[in-house]
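These notes concern the structure reproduced below.
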Amino acid sequence: MSDLINKGTQVECNERTRHYFNVLNHVLPKVENLFRSSSKLPDGLGVDHYINLFYRSVNALSLKYYFNGDERDESVERLTIQTDGSGFPTRKEFIFLDSIKKNIENEQANYPSAEQLKEKILSHVMTKKEVPYALQKNLSYRLYLDWVESNDVFLPYNEPSWGLIESNEKTGRPTILMTWANFDHDRGIPTIYIMKAEVSRRDFEVEDFVDQHTDRLKQVIKDNTISAYKLLQIAKTIDGEFDDLHPVELKRVSLGPIYCSGITEHNDIIENVLKKVADTDDNWLFQWKVETLLSKGSEIKSRGILSSKQEVQIYDIPKHDAVCVDNGISNYAVSMIIPYRAYQALADSDQKALLSERKFVVGDDGELIRL
13 MSDLINKGTQ
23 VECNERTRHY
33 FNVLNHVLPK
43 VENLFRSSSK
53 LPDGLGVDHY
63 INLFYRSVNA
73 LSLKYYFNGD
83 ERDESVERLT
93 IQTDGSGFPT
103 RKEFIFLDSI
113 KKNIENEQAN
123 YPSAEQLKEK
133 ILSHVMTKKE
143 VPYALQKNLS
153 YRLYLDWVES
163 NDVFLPYNEP
173 SWGLIESNEK
183 TGRPTILMTW
193 ANFDHDRGIP
203 TIYIMKAEVS
213 RRDFEVEDFV
223 DQHTDRLKQV
233 IKDNTISAYK
243 LLQIAKTIDG
253 EFDDLHPVEL
263 KRVSLGPIYC
273 SGITEHNDII
283 ENVLKKVADT
293 DDNWLFQWKV
303 ETLLSKGSEI
313 KSRGILSSKQ
323 EVQIYDIPKH
333 DAVCVDNGIS
343 NYAVSMIIPY
353 RAYQALADSD
363 QKALLSERKF
373 VVGDDGELIR
383 L
């Protein structure tokens with residue numbers, strides 16, 4: 013496991029912390045809407061569902077660290093983000109969130125209610141003429157707990173969900189869709205997987221098949237949900253483990269990194285763009301990547317000299333594309349969302365790598381413009 017679980021840089025200023033969360037809370041719904049509007053997948057099984065869960069987790073953290081910076085108290089835990097990597101809070105935040113979610117009532121019992129804390133703060137201010145920082149921190153933490161109690165959130169590992177979506181017109185086989193996600197160990201980013209798999213059963217047998225193999229299928233998927241694994245490796249493993257389940261399409265959506273001037277550290281390409289708008293609220297850039305692996309057919313192979321034969325998928329890896337060959341994928345796309353002022357700085361630069369990405373520009377009115 014990567015040591016990113018513990019590494020990161022503390023953000024010790026309230027203003028910078030709130031700007032950071034304002035950026036995430038601004039951009040994540042826009043990315044969610046982009047995926048929702050372009051998806052034909054059932055509700056709860058699309059990328060947008062997991063982005064929404066991650067957005068809710070970010071909302072929770074923004075409450076937890078609302079009073080993040082106070083030089084008077086160095087012992088207070090502060091927001092820690094991976095400034096030189098993904099730009100997101102460290103994975104320990106999501107592990108802690110998972111633990112809190114499982115024990116939420118016990119944790120809430122340790123703190124007065126939000127209303128009681130507000131009354132205590134008001135009373136303290138009126139009688140002692142000073143701001144009670146400790147009470148403020150308790151209030152923000154209690155609001156964090158209440159949010160976690162009432163919302164589903166993005167966890168370190170999000171178990172697979174599935175649904176029957178269609179049948180292959182050529183083979184007549186039913187196709188199931190499976191989606192799952194994790195907060196990646198090595199890269200420190202939310203990663204979402206979408207798999208379409210044909211089932212060598214009749215439609216009415218699919219649910220029984222999935223129920224029969226649920227535990228094993230979940231374990232195989234979890235064991236292979238690692239960013240270092242190529243999609244080709246993951247698909248072949250699943251294909252080989254189950255005689256009647258054939259992955260015909262596998263996608264991996266990597267959300268991030270998020271770059272925010274003054275908070276995250278950037279490479280020279282990003283820095284040359286964002287430094288031109290560093291003193292504005294438009295000093296950020298958000299990227300994501302979609303990798304896709306497609307099957308182009310199947311063949312029958314023997315498992316061994318005395319073993320039975322098994323149908324296995326043949327995956328389409330373009331030999332002329334070095335990136336696809338190296339990563340075991342059929343195609344990929346990198347996209348970004350960028351504010352208009354930052355985009356102007358980018359357009360005036362000679363940063364060809366960034367200019368070649370698919371871009372969605374946020375106008376002053378909040379409208380998204382695809383370029």
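All residue numbers for the sequence shown refer to our numbering, where the first residue is 13 and numbers rise by one. Note that CB positions come from ideal geometry on N, CA and C, so glycine has one too.
query, result
"Where Y145 falls, given that 16 or more other Cβ within 10 Å makes a residue buried", "exposed"
"W192 and I233 closer than 9 angstroms at C-beta", "yes"
"Beta-carbon separation (whole angstroms), S263 vs T304, contact threshold 8 angstroms", "The sequence given here places Lys at residue 263; Ser does not occur at that position. Between T304 and K263 the Cβ distance is about 5 angstroms, and since that is below 8 angstroms, they are a contact."
"Those residues which DSSP pairs with L189 across a bridge", "G175 and K208"
"For T226 and S361, the rounded distance between their alpha carbons", "51 angstroms"
"Proximity of F106 and S69 at Cβ, strictly below 9 angstroms", "yes"
"Straight-line gap, L367 to I381 (C-alpha atoms, nearest Å)", "15 angstroms"
"Where L16 falls: helix, strand or coil (DSSP)", "The pLDDT assigned to L16 is 42, lower than 50, so where the model puts this residue is not dependable; a value taken from the coordinates is nonetheless given after this. Helix."
"Contact belief for N339 with K242 at Cβ below 8 angstroms, rounded distance in angstroms", "6 angstroms"
"Residue closest to G99, alpha-carbon to alpha-carbon, out of W300, K130 and K76", "W300"
"Per-residue DSSP class, three states only, for L244", "helix"
"Sub-9 angstroms separation of L3 and D110 beta-carbons", "Examination of residue 3 is not possible in this model, given that the chain is present from 13 through 383 alone."
"Span of the beta strand (DSSP E) around K301", "W296 to S314"
"Boundaries of the beta strand (DSSP E) in which N343 is found, first to last residue", "N343 to P351"
"Beta carbon of Q325 nearer than 9 angstroms to that of V218", "no"
"Span of the beta strand (DSSP E) around C272", "L257 to C272"
"Assigned exposure category for T29 - 16 Cβ within 10 Å defines buried", "buried"
"Helix, strand or coil at K2 [DSSP, three-state]", "This structure leaves residue 2 out entirely; the chain is present only between 13 and 383."
"Residues near G309 by beta carbon distance below 7 angstroms, same chain, minus five either side", "I326"
"Closest Cα partner of A290 within the set Y271, S307 and L306", "Y271"
"Euclidean distance between Cα positions of R199 and Q356", "29 angstroms"
"Per DSSP, the bridge partner or partners of Y327", "S307"
"S11 to V165 span [Cα, whole Å]", "This structure does not reach residue 11, given that the chain is present from 13 up to 383, and the question cannot be answered."
"Start-to-end residues for the beta strand (DSSP E) that takes in L380", "L380 to R382"
"Option nearest P124 by Cα separation, candidates K104, Q148, M138 and V137", "Q148"
"Coil, strand or helix - Y123 by DSSP", "coil"
"DSSP-derived helix/strand/coil call for N170", "strand"
"Buried/exposed call for M190, threshold 16 Cβ in 10 Å", "buried"
"Cβ-Cβ distance between Y153 and K76 below 9 angstroms", "yes"
"Simplified DSSP assignment, three categories, for I201", "coil"
"Integer-rounded CB distance, given that R213 should sit under 8 angstroms from P186", "7 angstroms"
"Under the three-state DSSP convention, the category K104 falls into", "helix"
"For K149: DSSP bridge partner residues", "Per DSSP, none; premise fails for K149."
"Extent of the continuous alpha helix (DSSP H) to which T29 belongs", "N26 to S50"
"Outcome for S273 when other beta-carbon atoms lying within 10 angstroms are tallied against a minimum of 16", "buried"
"Proximity below 9 angstroms, CB of V373 to CB of H38", "no"
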